[in-house]
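A.B. asks: Take this structure, written in structure tokens, and hold onto it; I'll ask about it next.
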Amino acid sequence: MLLSTIIASIIVVIAPFWAIVWTFKCWDIAGSYNLDTKVVFVCDWIQDSEFYKYHEIGHYFYYEILTTKQKEAYHNAYEQALIKWPRAFYREYSMRNEQEDFADMFSLYILKKNYNPLIQKRIRLINSFFK
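Each residue of the sequence shown is one higher than the one before, starting from -7 at the first, in the numbering used here.
As structure tokens, then:
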């Protein structure tokens, strides 16, 4: 948890235009990203809070950082993944829409988690966005 706090602080200090991460106690959600305020909320009671923190930051990257061309490329990759569901998704929630899928894949990318090749394809695409 200390490393997460340090990373969040560095993000805020180095790049104040990035999302601010605030961990708090809550009961009904794992976290959320507010499009208006660009603030990420992550509950600290959940088992996989690191995953959810980066998932919510992934929403910030999707809406605020990706170019239209990158969103189109991700849309195409998401559409291809839908054909191969459910093996092409990290969890059922990822299949809701491409924004949720991007957020899940972004979290897996940051955490350097390896999954099946159908998931790795989208993680490699995200990696290409940040080179």
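Every residue, glycine too, gets a C-beta built ideally from N, C-alpha and C.
Between TYR82 and LEU103, is the Cβ-Cβ spacing less than 9 Å?
C.D. replies: No, Cβ-Cβ distance for TYR82 and LEU103 is not below 9 Å.
A.B. asks: Which one of GLN72, TYR44 and TYR85 has the shortest CA to CA distance from ARG114?
C.D. replies: Here the closest residue by C-alpha is GLN72.
A.B. asks: Exposed or buried, TRP76, counting other C-beta atoms within 10 Å across all chains shown (16 or more means buried)?
C.D. replies: At residue 76 the sequence reads Lys, which differs from the Trp that was named. So LYS76 counts as exposed.
A.B. asks: So, at 6 Å on beta carbons, what are the nonlocal neighbours of PHE43 in its own chain, with the 5 sequence-adjacent residues on each side left out?
C.D. replies: The residues are SER99.
A.B. asks: Run through DSSP, which three-state label would LYS105 get?
C.D. replies: Note: LYS105 maps to coil in three-state DSSP.
A.B. asks: Taking ASN106 and ARG79 to be in contact with their CB atoms under 8 Å, please state how far apart those CB atoms are, rounded to whole angstroms.
C.D. replies: Not quite, the Cβ-Cβ distance comes to about 15 Å (not below 8 Å), so this is no contact.
A.B. asks: Just curious, the alpha helix (DSSP H) that ALA126 is in, first and last residue?
C.D. replies: Any property of residue 126 remains undetermined from this structure, which presents the chain solely from -7 to 123.
A.B. asks: Give every residue of the same chain whose Cβ lies closer than 7 Å to the Cβ of GLU90, excluding the five residues on either side of it in the sequence, and list them in chain order.
C.D. replies: Cβ neighbours of GLU90 beyond the five flanking positions: TYR66, HIS67 and TYR70.
A.B. asks: Does ILE198 pass the burial test, meaning 16 or more other C-beta atoms within 10 Å, or should it be called exposed?
C.D. replies: This structure leaves residue 198 out entirely; the chain is present only between -7 and 123.
A.B. asks: To the nearest angstrom, report how far apart SER86 and ILE111 are at their CA atoms.
C.D. replies: Each residue's Cα considered, the two are about 11 Å apart.
A.B. asks: Could you tell me the alpha carbon to alpha carbon distance between ILE49 and ARG116, rounded to whole angstroms?
C.D. replies: Those two C-alpha atoms are separated by around 18 Å.
A.B. asks: With C-beta atoms as the reference, is PHE121 less than 9 Å away from HIS51?
C.D. replies: Going by C-beta atoms, PHE121 is not nearer than 9 Å to HIS51.
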